[in-house]
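Just below is one structure, and these are the notes that go with it.
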Amino acid sequence: RLHRIGDRNPGPRGGGRLRPVVVGVAFGAAWSPCVGPLLGAALVAAANTGDPVQGALVGFGGHASGFPGDFAALTDADGDYSITGIFPGTYPAVFARGAGYDRQVTTLSIASHVQARDWVLRRNWAALGGGGQIVDFNGPDFSDFGCGPNGAIDQSLGTGWGSTSDFVGGVETPKFIIVRLPVAVDVSEISIDPGNTCGDGGSASTGDFLLETSTDGVTFQVAADGRFGVADRGRLNSVPLNAGTTDNVQ
Numbered sequence: 001r002l003h004r005i006g007d008r009n010p011g012p013r014g015g016g017r018l019r020p021v022v023v024g025v026a027f028g029a030a031w032s033p034c035v036g037p038l039l040g041a042a043l044v045a046a047a048n049t050g051d052p053v054q055g056a057l058v059g060f061g062g063h064a065s066g067f068p069g070d071f072a073a074l075t076d077a078d079g080d081y082s083i084t085g086i087f088p089g090t091y092p093a094v095f096a097r098g099a100g101y102d103r104q105v106t107t108l109s110i111a112s113h114v115q116a117r118d119w120v121l122r123r124n125w126a127a128l129g130g131g132g133q134i135v136d137f138n139g140p141d142f143s144d145f146g147c148g149p150n151g152a153i154d155q156s157l158g159t160g161w162g163s164t165s166d167f168v169g170g171v172e173t174p175k176f177i178i179v180r181l182p183v184a185v186d187v188s189e190i191s192i193d194p195g196n197t198c199g200d201g202g203s204a205s206t207g208d209f210l211l212e213t214s215t216d217g218v219t220f221q222v223a224a225d226g227r228f229g230v231a232d233r234g235r236l237n238s239v240p241l242n243a244g245t246t247d248n249v250q
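Once you know that position 99 of the sequence shown is 99 in the numbering used here, the rest is easy, because the numbers rise by one and skip nothing.
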C-alpha cells in the first residue's frame, strides 16, 4: 500500500510523527457534595519555545460531543481553559489534541481536591490538519471511496491510502506519495503504519519501503529503507533515519 514516501517535504504514513512539542495541562478540582463540579485551569505550551498553544481541545471521552454540558474546553490565547460540572470518579479516556498535534489519551481520577496533570503533545508537521499537503502520488485516486492519499496523513489509524498493484511487463510498479510540510523543520522522528486499509486483506499491507527526504522539493536523499512484517501492521512504527537526512526538511 505504501512503497515510497518522498516529499517536497517528507511525510510519514498515516499518523506519522515529526518533532516533539510538549503541552502542559493543569487541573484544579473543587467538589461540592450537592452539585459535584470540577473547576479547572490549564496552560498548554510548546515544549521547544514555552509559548502557549491556542485552540487545543481538552476533554473527557464520552462526554465531549459538542453539546452543552460537555466535559471539554478549548484553550484560549494564553493556553488556559476551565471545565466545570464533572463529578469525581475515574475517567479512562481523558484526551488533549489540537490541529497538527497528535492526540494523547490517559486515565484520570478526579477527586475532591486540587489536581494537576501534564500532557505531552507532539507536533505532527506532516498532518493534514496541521498544514501538510499531498503534492504528488501515483496509482488510482480512491478519494471518493474514503481511501485517497490524504488518508496517509490524517492522523487516524482507522483510515489510510489505498492503491492497486499495477504490473508492467510482469513487474509490479512501486507506489509513491510525496508530502509537503508547511514549513522547513529538523525532523526528529517519522513513524509509519504499513497496515492494510479500505477493506483490503493483509496482503495489501506495505512490505518493502523506501523513505526519502528533501530540503528543496527537487533533490531527494534516502533517509531509510527496509521491510515491514505482519507484526508491524495496525500500529505506528518509528523508522530509524540516516544521518544527514533530517535537517531543514520541507
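Glycine is no exception: its CB is placed at the ideal position from the N, C-alpha and C atoms. Here the structure is a predicted model, which means the values were calculated and not measured.
- DSSP three-state call for residue 229: helix, strand or coil? Look at residue 229 here: in three-state DSSP terms it is coil, with no helix or strand label.
CB contact flag (residue 96, residue 83, <7 Å):
Not a contact, by the Cβ cut-off of 7 Å.
### Message
Is there a C-beta anywhere in chain C that falls below 7 Å from the one on residue 61?
### Response
Of the protein chains in the structure, only one exists, and it is not chain C.
- prompt: Who are the Cβ neighbours of residue 129 in its own chain at under 8 Å, not counting the five residues just before and after it?
  reply: Cβ neighbours of residue 129 beyond the five flanking positions: 99, 100, 154 and 155.
Quiz item: Rounded C-beta distance between residue 146 and residue 181? I'm assuming under 8 Å.
Solution: Contact annotation, residue 146 with residue 181: C-beta distance approximately 24 Å; criterion of less than 8 Å not satisfied.
Closest by CA to residue 158, which one among 197, 178, 121 and 77? Taking only the C-alpha atoms, the option nearest residue 158 is 197.
Below 8 Å, can you find three or more Cβ-Cβ pairs linking the region 166-176 to the region 228-235? No, because fewer than three Cβ pairs between the region 166-176 and the region 228-235 fall closer than 8 Å, the two stretches do not touch.
Residue 240 (DSSP reduced to helix, strand or coil): Residue state for residue 240 is assigned as coil, using DSSP reduced to three classes.
### Query
Relative to the C-alpha of residue 77, which residue among 222, 226, 54 and 193 is closest?
Nearest option by C-alpha distance: 54.
* With a cut-off of 8 Å on the beta carbons, I'd call residue 259 and residue 176 a contact; round off their distance for me. => Here the chain covers residues 1 to 250 and nothing more, so residue 259 does not appear.
Might you give, ordered along the chain, the residues of its own chain that have their beta carbon closer than 8 Å to the beta carbon of residue 186, omitting 5 neighbours on each side? Excluding sequence neighbours, residue 186 sits near 19, 246, 247, 248 and 249.
First and last residue of the uninterrupted beta strand (DSSP E) at residue 96: 89-98 is the extent of the beta strand (DSSP E) around residue 96.
For residue 91 versus residue 67, is the C-beta spacing smaller than 7 Å? Here residue 91 is not near residue 67, since their CB atoms are 7 Å or more apart.
- prompt: First and last residue of the beta strand (DSSP E) that includes residue 251?
  reply: With the chain covering 1 to 250 only, the question about residue 251 has no answer from this structure.
* **Cα-Cα separation between residue 144 and residue 222, rounded to whole angstroms** => So the alpha carbons of these two residues sit roughly 32 Å apart.
Just how far apart, CA to CA, sit residue 104 and residue 58?
Near 10 Å, if we compare the C-alpha coordinates of residue 58 and residue 104.
| query | Less than 7 Å separating the beta-carbons of residue 241 and residue 225? | reply | Contact check for residue 241 against residue 225 fails: the beta carbons are separated by 7 Å or more.
Can you round the beta-carbon distance between residue 117 and residue 108 to whole angstroms, since I take them to be within the 8 Å contact cut?
Right, their Cβ atoms sit about 6 Å apart.
Query raised in the report: So is residue 193 buried or exposed if we call it buried at 16+ other beta carbons inside 10 Å?
Result: Looking at its Cβ environment, which holds 16 or more other Cβ atoms inside 10 Å, residue 193 is buried.
Contacts around residue 237, its chain only, beta-carbon distance under 8 Å, and the 5 residues preceding and following it disregarded: Here the set comprises 191, 192, 193, 194 and 228.
Checklist line | Alpha-carbon to alpha-carbon, residue 65 and residue 263 | finding: Past the edges of the chain, shown from 1 to 250, lies residue 263, and the structure says nothing about it.
* Measure from the alpha carbon of residue 102 to the alpha carbon of each residue in 81, 110, 85 and 126, then state which is nearest. => The candidate whose alpha carbon is nearest that of residue 102 is 126.
(request) Return the CA-CA distance between residue 207 and residue 174, expressed in angstroms with no decimal places. (result) Rounded to the nearest angstrom, the two C-alpha atoms are 11 Å apart.
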